[in-house]
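Asker: One structure, pasted below without further comment.
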Amino acid sequence: MDDFKSVRHNRPRRDDSEDIIDPVYHALSRINGRINRMTKAELQTDLNRNGLNERGVKEVLRKRLKNYYKKQKLRMKPLHEDGSQYYPYLVVIDFEATCEEHNPTNYLHEIIEFPAILVDTEKAKIVDKFHTYCQPVVNPTLSSFCTRLTGITQSTVEAAPLFPEVLEKFQGWLHLHGLLIPKTCSYVTDGSWDFSRFLNIQCCLSEVPYPKWAKKWINLKKVFGNFYGLRRPRILDMLQNIGLEFEGRPHCGLDDATNIAKIVLRLLEDGAEFQVNERLRAGKLEIISEKERLLLGGYKKHVTPEKNQSDVEKSVESLDALSISDSSQEETNSQKTTIIKL
0 MDDFKSVRHN
10 RPRRDDSEDI
20 IDPVYHALSR
30 INGRINRMTK
40 AELQTDLNRN
50 GLNERGVKEV
60 LRKRLKNYYK
70 KQKLRMKPLH
80 EDGSQYYPYL
90 VVIDFEATCE
100 EHNPTNYLHE
110 IIEFPAILVD
120 TEKAKIVDKF
130 HTYCQPVVNP
140 TLSSFCTRLT
150 GITQSTVEAA
160 PLFPEVLEKF
170 QGWLHLHGLL
180 IPKTCSYVTD
190 GSWDFSRFLN
200 IQCCLSEVPY
210 PKWAKKWINL
220 KKVFGNFYGL
230 RRPRILDMLQ
240 NIGLEFEGRP
250 HCGLDDATNI
260 AKIVLRLLED
270 GAEFQVNERL
280 RAGKLEIISE
290 KERLLLGGYK
300 KHVTPEKNQS
310 DVEKSVESLD
320 ALSISDSSQE
330 ETNSQKTTII
340 KL
């Protein structure tokens, strides 16, 4: 009996910090409840009072205000997280590729424009850009539809370097900025196709190894949809939802990438975290699970669980049970399409 009492009295004591943590989260719960009941005008008034951006749809304003109060309250929490991003830099990429008005079955898209925007996540600003056109080989003559859509002319691609040279130049640009060092940056795309389809196919056609840095990336649609609680829309819709306008010409790769970077900057400002959520394995698109995603951060230990070939060949699974279902036809098609295996 005495032994039993000894065990009872020697239970681990609650951490003293809980006396601060519990009230903080209790207060946050009350604040979030109040914010949920606010009208759009009330949200804008509160945002203005706190010196925050008032632009965007109601869901965006609500998330922005909640995140602001969360940061304020968590300053009371001992050893609270500093809110730093997983990666010091993000590289936004949006390829343009050859296309027809009605693409034939198994049409091989070739990259004809290669833009990249470098974002410093700590400073929340664009710090550099990379841009070049690329000469197609399999379908060297652009369709009139492709030219109308992208604004890229035949003379432009004929004067452009071939893809192997373009890739080498880009990797030189990455090296110049120290971005090939592990955990220094991640890549952001608007959907899955840029890497899982366009870059994948192009590397096969050009007979160059698929670059290691492009095997994992961040699908912006998923970050945007999950953070704001909105369906994952097109670039124009995302901009409208956060109160911004598209600048430039849609389907111009550089302009698209620049506008995607603007969305990234607003997400950073509102407190979103950017973690890899998709990858290419055995030449096929694969969604990264929640458990693995926590291990892939820039400042966290990188662990990739071993999987056998049968696991790799399985159908793409949902990122997590809480993810918002993607209505984008682009992503649906990319998951159903069999990619050329490397």
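Residue numbers for the sequence shown follow numbering that gives the first Met the number 0, so the first one is 0 and each next one is one higher. A virtual CB, placed ideally from N, CA and C, is assigned to each residue, including glycine.
By a C-beta neighbour count over all protein chains shown, 10 Å radius and 16 as the cutoff for buried, is Pro135 buried or exposed?
Answerer: Burial call: buried.
Asker: The alpha helix (DSSP H) that contains Asn218, what's its start and end?
Answerer: Here Asn218 belongs to no alpha helix (DSSP H); instead the beta strand (DSSP E) covers Lys215 to Asn218.
Asker: Tell me which residues share the same chain as Leu161 and place their Cβ nearer than 6 angstroms to its Cβ, disregarding the 5 neighbours each side in the sequence.
Answerer: Result list for Leu161: Gln134, in chain order.
Asker: What does a CB cutoff of less than 6 angstroms around Val56 pick up in its chain, not counting 5 residues either side in sequence?
Answerer: Excluding positions up to five away in sequence, the list reads Asn240.
Asker: Whole angstroms are fine: how far does the CA of Ile234 sit from the CA of Lys261?
Answerer: Distance between the alpha carbons of Lys261 and Ile234: 10 angstroms.
Asker: Would the region 82–92 count as touching the region 180–195 if we require 3 or more Cβ pairs under 8 angstroms?
Answerer: Cβ pair count under 8 angstroms is three or more, so yes.
Asker: Could you tell me if Val126 is buried or exposed, where buried requires 16 or more neighbouring beta carbons within 10 angstroms of its beta carbon?
Answerer: Exposed, by the Cβ-count rule.
Asker: Hey, could you find the ends of the beta strand (DSSP E) Phe194 is sitting in?
Answerer: Premise fails: Phe194 is in no beta strand (DSSP E) and is neither H nor E.
Asker: Closer than 8 angstroms by C-beta to Arg54: which residues in its own chain qualify, once you throw out the five before and the five after it? Chain order, please.
Answerer: So the qualifying residues of the chain are Ile241, Gly242 and Leu243.
Asker: Report yes if the C-beta distance between Gly228 and Lys62 is below 9 angstroms; otherwise report no.
Answerer: Taking 9 angstroms as the Cβ cut-off, Gly228 and Lys62 qualify as a contacting pair.
Asker: Within 10 angstroms of the Cβ of Pro114, are there 16 or more other Cβ atoms? Answer buried if so, exposed if not.
Answerer: It is buried - the Cβ of Pro114 has at least 16 other Cβ atoms within 10 Å.
Asker: Taking contact to mean at least 3 C-beta pairs separated by less than 8 angstroms, is the region 195–204 in contact with the region 103–113?
Answerer: Judged by Cβ distances under 8 angstroms, the region 195–204 makes contact with the region 103–113, as three or more pairs qualify.
Asker: Excluding the five sequence neighbours on either side, which residues of its own chain have a C-beta within less than 7 angstroms of the C-beta of Thr97, listed in chain order?
Answerer: If we look at Thr97 and ignore the five residues flanking it on each side, its Cβ neighbours are His108, Glu109, Ile111, Pro135, Asn138, Leu141 and Cys145.
Asker: Throw me the rounded Cβ distance for the Phe245 and Asn258 pair, which I believe falls under 8 angstroms.
Answerer: Between Asn258 and Phe245 the Cβ distance is about 5 angstroms, and since that is below 8 angstroms, they are a contact.
Asker: To the nearest angstrom, report how far apart Arg29 and Gln84 are at their CA atoms.
Answerer: Each residue's Cα considered, the two are about 27 angstroms apart.
Asker: Can you give me the C-alpha to C-alpha distance between Glu268 and Asn31, rounded to a whole angstrom?
Answerer: If I take the Cα positions, the gap works out to 19 angstroms.
Asker: If Glu277 and Asn225 are in contact, beta carbons under 8 angstroms, what's the gap, nearest whole angstrom?
Answerer: Not confirmed; about 13 angstroms, so no contact.
Asker: May I ask you to report which of helix, strand or coil DSSP gives Cys203?
Answerer: Cys203: helix per DSSP, three-state reduction.
Asker: According to DSSP, simplified to helix, strand and coil, what is Ser163?
Answerer: Sequence inspection shows Pro at residue 163; the Ser mentioned does not correspond to that position. In this structure, Pro163 counts as helix in the three-state DSSP scheme.
Asker: Whole angstroms are fine: how far does the CA of Gln170 sit from the CA of Glu164?
Answerer: Straight-line Cα distance between these residues: approximately 10 angstroms.
Asker: Which residue marks the beginning of the beta strand (DSSP E) containing Phe127, and which one marks its end?
Answerer: Just to set this straight, residue 127 is Asp in the shown sequence, not Phe. Per DSSP, Asp127 belongs to the beta strand (DSSP E) from Lys124 to Tyr132.
Asker: Starting from Ala115, follow its DSSP beta bridges and name the residues at the other end.
Answerer: Paired residues: Ile92 and Phe129.
Asker: Using only CA atoms, which one of Trp172, Tyr67 and Arg230 lies nearest to Leu46?
Answerer: If we check each option's Cα against that of Leu46, Tyr67 comes out closest.
Asker: Compute the beta-carbon to beta-carbon distance between Ile151 and Tyr132, rounded to the nearest angstrom, for a pair I have assumed lies under 8 angstroms.
Answerer: Confirmed, about 7 angstroms.
Asker: Would you call the CB atoms of Ala26 and Lys72 closer than 9 angstroms?
Answerer: In this structure, Lys72 lies closer than 9 angstroms to Ala26 by Cβ.
Asker: Does the distance from the CB of Ser143 to the CB of Leu284 come in under 9 angstroms?
Answerer: Contact flag unset, no.
Asker: If you draw a straight line from the alpha carbon of Gln308 to that of Lys69, how long is it in whole angstroms?
Answerer: Caution is warranted here: a pLDDT of 29 is assigned to Gln308, below 50, making its placement in the model unreliable, and no coordinate value can be reported.
Asker: Classify Glu268 as helix, strand or coil using the three-state DSSP reduction.
Answerer: Helix.
Asker: Suppose the cutoff is 6 angstroms on Cβ atoms and the five residues either side in sequence are ignored; what does the same chain contact list for Lys128 look like?
Answerer: Closer than 6 angstroms at the Cβ level, and outside the excluded window around Lys128, lie Ile116.
Asker: From Gln153 to Tyr24, what distance separates their C-alpha atoms?
Answerer: Looking at the two C-alpha atoms, the distance is approximately 59 angstroms.
Asker: Can you tell me which of Glu95, Ala158 and Leu166 puts its alpha carbon nearest to the alpha carbon of Arg196?
Answerer: Ranking the options by Cα distance to Arg196, first place goes to Glu95.
Asker: Using the rule of at least 16 other Cβ atoms within 10 Å of the residue's Cβ for burial, across every protein chain shown, is Ile34 buried or exposed?
Answerer: Answer is buried; the Cβ neighbour count reaches 16.
Asker: Considering only the alpha carbon of each residue, which of Pro249, Glu58 and Ala256 lies closest to Met37?
Answerer: Residue Glu58 is the option with its Cα nearest to Met37.
Asker: How would you write the range of the alpha helix (DSSP H) that Glu277 sits in, first residue to last?
Answerer: Per DSSP, Glu277 belongs to no alpha helix (DSSP H); it is in the beta strand (DSSP E), Glu277 to Arg280.
Asker: Find out if the Cβ-Cβ distance for the pair Leu179, Trp212 is shorter than 9 angstroms.
Answerer: It is a contact, given that the beta carbons lie within the stated cut-off.
Asker: Could you please give the first and the last residue of the uninterrupted beta strand (DSSP E) stretch that includes Thr188?
Answerer: Unbroken beta strand (DSSP E) run through Thr188: Cys184 to Thr188.
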